Amino acid sequence: MHDEPLLSVSNLTVDLLTAKSAIRPVDGVSYTVRQGECLAIVGESGSGKTVMNFAPLGLMPTGVTTSLSGSVRFGGRELIGLPEPEIRKIRGKSIGFIFQDPMSALNPVRRIGRQIAEMAELHLNMTPRAAEARALELVKLVGISDPSARLRQYPHELSGGLRQRIVIATALAGEPKLLIADEPTTALDVTVQAQILRLLKDLQRRLNMAMVLITHDMGVVAGAADNIVVMYAARAAERGPVDKVLVTPRHPYTRGLINAIPKREDPIGSQFRGLPGIPPTLGAPFKGCAFAPRCDFAVPTCTASRPPLVPSADGSVFVACPVVNEGRAAA
Amino acid sequence: MIHFISKRLKHSLVLLFLASVVCFTLVVSAPGNVAVLIAELRGAASTPGYVEKVAEEIGLNKPLLMRYVDWLGDAVTGDFGISYRTGQTVSADLPQRMMVTGTLIAGSAVIATLLSLLLGFLGAFWPYKLPDRVSRGLALIGASTPTFFVGALMIYGFSVTFQLFPSFGFNGPVSWVLPWLTVAVLPAAVLSRVVRVGLEEAMTSPYVLTAKSKGLGRTAILFREALPNITPVFINALGTQVGLMTATGIIVEPLFAWQGVGDYFLAGVRFRDFMVVQACLLIFLAFFIVVNLIVDLAVLMTDPRIRRQWS
Numbered sequence: 001m002h003d004e005p006l007l008s009v010s011n012l013t014v015d016l017l018t019a020k021s022a023i024r025p026v027d028g029v030s031y032t033v034r035q036g037e038c039l040a041i042v043g044e045s046g047s048g049k050t051v052m053n054f055a056p057l058g059l060m061p062t063g064v065t066t067s068l069s070g071s072v073r074f075g076g077r078e079l080i081g082l083p084e085p086e087i088r089k090i091r092g093k094s095i096g097f098i099f100q101d102p103m104s105a106l107n108p109v110r111r112i113g114r115q116i117a118e119m120a121e122l123h124l125n126m127t128p129r130a131a132e133a134r135a136l137e138l139v140k141l142v143g144i145s146d147p148s149a150r151l152r153q154y155p156h157e158l159s160g161g162l163r164q165r166i167v168i169a170t171a172l173a174g175e176p177k178l179l180i181a182d183e184p185t186t187a188l189d190v191t192v193q194a195q196i197l198r199l200l201k202d203l204q205r206r207l208n209m210a211m212v213l214i215t216h217d218m219g220v221v222a223g224a225a226d227n228i229v230v231m232y233a234a235r236a237a238e239r240g241p242v243d244k245v246l247v248t249p250r251h252p253y254t255r256g257l258i259n260a261i262p263k264r265e266d267p268i269g270s271q272f273r274g275l276p277g278i279p280p281t282l283g284a285p286f287k288g289c290a291f292a293p294r295c296d297f298a299v300p301t302c303t304a305s306r307p308p309l310v311p312s313a314d315g316s317v318f319v320a321c322p323v324v325n326e327g328r329a330a331a
Numbered sequence: 001m002i003h004f005i006s007k008r009l010k011h012s013l014v015l016l017f018l019a020s021v022v023c024f025t026l027v028v029s030a031p032g033n034v035a036v037l038i039a040e041l042r043g044a045a046s047t048p049g050y051v052e053k054v055a056e057e058i059g060l061n062k063p064l065l066m067r068y069v070d071w072l073g074d075a076v077t078g079d080f081g082i083s084y085r086t087g088q089t090v091s092a093d094l095p096q097r098m099m100v101t102g103t104l105i106a107g108s109a110v111i112a113t114l115l116s117l118l119l120g121f122l123g124a125f126w127p128y129k130l131p132d133r134v135s136r137g138l139a140l141i142g143a144s145t146p147t148f149f150v151g152a153l154m155i156y157g158f159s160v161t162f163q164l165f166p167s168f169g170f171n172g173p174v175s176w177v178l179p180w181l182t183v184a185v186l187p188a189a190v191l192s193r194v195v196r197v198g199l200e201e202a203m204t205s206p207y208v209l210t211a212k213s214k215g216l217g218r219t220a221i222l223f224r225e226a227l228p229n230i231t232p233v234f235i236n237a238l239g240t241q242v243g244l245m246t247a248t249g250i251i252v253e254p255l256f257a258w259q260g261v262g263d264y265f266l267a268g269v270r271f272r273d274f275m276v277v278q279a280c281l282l283i284f285l286a287f288f289i290v291v292n293l294i295v296d297l298a299v300l301m302t303d304p305r306i307r308r309q310w311s
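Protein chains in written order, with the UniProt record's numbering: chain Z, 1 to 331; chain U, 1 to 311.
Following this line, the structure appears as structure tokens:
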């Protein structure tokens, strides 16, 4: 039990079926998160990073049929195939969620105190009174001034940064072991982003939680994460410790992403460096590497078959690129 | 809050005055001459001379503006004049009739509210499943069946065939059931769609995703998260429907032989009984205005985002 990671995802594939279309936003992705560890999942919009985390926990919009395969083990328990009532007990209790837009993630017509306290009532079997007291503690914990007054307020009376702190307090109310934060700073002002990120990182350490941080901000990754998974078109392109992947990126896509970050030495007024081309749609599965059409290093083998994730010489970084891995066998 | 109410009341008074001008204009320009009808009623031969005498007697020969000013002056003191048809003062007839119509509207509003919430929630709980289809079908039938026909069906079904409820009269709750149901059918149908659509929209919103992530069940999400969000919308729609019930009453009251304001109004129109028509119209308008004021206050109380603008 001690050796098993808190969350271990292996070969997860998600198919979304609507009345009109079928897409595969997650295709055979694996990663693990240990207790007290922070994993960043990066990738551009539509690369499947949100679906990958939400679909196994039953957080998909109604009207979409989700079909999952592979394995998601959380705390020694297989989540795939678990009936919704069982998954619901895990949501909020063992896994807390933080959403991208705090302006719409809180119910506009309910008092903040209630929205936090109901978590403690539901998951910790607290009386409404005890739950209110817990809500007060949580609001203090996330660093909000004048906490008791805030609990009586409504979401529209608070700024975006304060609301995101409330969302965080709500996520913490059930004493979760894992926090899943879906772009928690994207919708915030730049000055507030750093504060919220610092708060999240600090809480994660103090409460010894695991955290999955979904983001497309490399600055966030560098500041908060221990490990990173780089997603491209539903697949993992590269995976490894942050200090290795960010410093010496191996996959051409990761290299492109990091190269696209503006540098201090860049002359003022110079063009932003982007990646040429556009990401593929997820409708049809690819035979080879999905990045090959945009890749400067592509060779014929890239489009021949799907490149497997292959470990580096020291075994810490995994890269799915036939060019980088030339002569190296799959793990 | 006080500021809000006093401001709205001031607006209402202006509105009432303008409405009274419009009513007066409409009523006096309607075809038909009440003096002729009165002369006939008295059994006298309606010779031009006698008709003119009657007209002079009830003040019809005065200039229009004078007639309006006279009427308005009395009306603000609660004196709505004398009914040409019965010779009774209108103010003496009104309180009893207002009580009858009030009972009709209040009961129907409660039934429409309960019924629409039930139907709307059934649909929202099992979207696109059988209960939703049944609820939608009932709403379609309810919204497209004319009220007089609904009333006739009610009488035929519950009174003639099964003899459960009396078909006429105003004698306690048993006799109120059929008129209540008849008036409630249309608003219940319309409001059930408001509930159903509102809930569906709320259920796809980001805060419901948050609620799901908190581990709340479907029932808790519908009642705790979605319902408070559609309450202001529902109250608004309910207010409109309750206002329209005054019009439905004109049809339903005579159907069940209820001596309400609607019935009074209809009789007044038939006899060109200007005083009665004018008084009834003003009561309907005042009722609309009061309902609107109550709706605005209720919305103010259920939506904290609007509340802040006024406190």
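We put the beta carbon where it would ideally sit given N, CA and C, even for glycine. All of these numbers come straight from a predicted model, not from anything done at the bench.
U:V160 - containing beta strand (DSSP E), residue span
Premise fails: U:V160 is in no beta strand (DSSP E) and is neither H nor E.
Would you say U:V195 and U:F234 are within 8 Å of each other, going by their C-beta atoms?
yes
Taking Cβ positions only, does U:P63 come closer than 8 Å to chain Z?
no
The alpha helix (DSSP H) with U:I274 in it runs from where to where?
Reading off the sequence shown, one finds Phe at residue 274 of chain U, where the question assumed Ile. Looking at the DSSP string, the run of the alpha helix (DSSP H) that includes U:F274 is 274-302.
For the region 287-305 of chain U, list every residue whose C-beta sits within 9 Å of some C-beta in chain Z, in sequence order.
T302, D303, P304, R305
Put U:C23 into one of helix, strand or coil per three-state DSSP.
helix
Can you give me the C-alpha to C-alpha distance between Z:V109 and U:L209, rounded to a whole angstrom?
16 Å
Any C-beta of chain Z sitting closer than 8 Å to the C-beta of U:K212?
yes
The region 219-233 of chain U: positions lying closer than 7 Å to chain C by Cβ:
Any reference to chain C falls outside this structure, whose protein chains are Z and U.
Reduced DSSP secondary structure (H/G/I, E/B, other) of Z:P322:
coil
Whether Z:V212 touches Z:L178 by CB criterion (8 Å):
yes
Measure the beta-carbon distance from residue 312 of chain U to U:R272 and round it to whole angstroms, keeping in mind my assumption that it falls under 8 Å.
As shown, chain U starts at 1 and ends at 311. That puts residue 312 of chain U outside it, with no answer to give.
Below 8 Å on the Cβ atoms is my guess for U:S12 versus U:I289; work out the distance and round it to an integer in Å.
5 Å
Find the residues of chain Z that neighbour U:S205, judging by a C-beta separation of less than 8 Å, and give them in chain order.
S104
Which residues, in order along the region 142-156 of chain Z, keep a beta-carbon less than 7 Å from a beta-carbon of chain U?
Y154, H156
What's the gap between the Cα of U:G87 and the Cα of U:G120?
49 Å
Inspect the beta-carbon positions of Z:P61 and Z:V167 and report whether they are closer than 8 Å.
no
What's the call for Z:A184, buried or exposed, on a 16-neighbour Cβ count within 10 Å?
Sequence check: residue 184 of chain Z is Pro here, not Ala. Answer is buried; the Cβ neighbour count reaches 16.
Check each residue of the region 118-132 of chain U: if its Cβ is closer than 8 Å to any Cβ of chain Z, include it; give the result in chain order.
P127
Buried or exposed (CB count within 10 angstroms, at least 16 for buried), U:V172:
The amino acid occupying residue 172 of chain U in the given sequence is Gly; Val does not appear at that position. Classification for U:G172: exposed.
Can you give me the Cβ contacts of Z:Q164 inside the same chain, cut-off strictly under 7 Å, excluding the 5 residues immediately before and after it?
P102, P184, L188, I196
Compute the Euclidean distance between the alpha carbons of Z:M1 and Z:L207, then round it to the nearest angstrom.
Note that Z:M1 scores 46 on pLDDT, short of 50, meaning its location in the model is unreliable and no value can be drawn from it.
I'd like to know whether the C-beta of Z:V109 is nearer than 8 Å to at least one C-beta of chain U.
yes
How many Å lie between U:I58 and U:D296 at the Cα?
42 Å
Can you give me the Cβ contacts of Z:A331 inside the same chain, cut-off strictly under 8 Å, excluding the 5 residues immediately before and after it?
Confidence is the limiting factor: at Z:A331 the pLDDT is only 49, short of 50, which leaves the residue's position unreliable, though a coordinate-based value still follows. Same-chain partners within the cutoff: P308, L309, V310, P311, F318.
For Z:S71, the three-state DSSP class (helix, strand or coil):
strand
What did DSSP end up calling U:I82 once you bin it into helix, strand or coil?
strand
Rounded C-alpha distance that separates Z:G315 from Z:S10:
18 Å
Residues of its chain near Z:F297, where Cβ-Cβ distance is below 6 Å and the 5 sequence neighbours each way are ignored
P252, V323
Endpoints, alpha helix (DSSP H) assigned at U:Y207:
206-213
Burial state of U:V291 (16 or more Cβ within 10 Å)
buried
Cα-Cα separation, U:V299 to U:L238
11 Å
How about the region 207-225 of chain U and the region 82-99 of chain Z: do they share at least three Cβ pairs that are nearer than 8 Å?
yes
Using 8 Å for Cβ pairs, my map puts U:L255 next to U:F125. What's the rounded Cβ distance?
Not a contact, Cβ separation roughly 35 Å.
Can U:P63 be considered in contact with the ligand GTP, in the sense that its beta carbon sits closer than 7 Å to one or more heavy atoms?
No copy of the ligand GTP occurs in the structure displayed, which carries no ligand at all.
Would residue 335 of chain Z pass as an interface residue toward chain U - the criterion being a Cβ-Cβ separation below 8 Å?
Since the first residue of chain Z shown is 1 and the last is 331, residue 335 of chain Z is not available in this structure.
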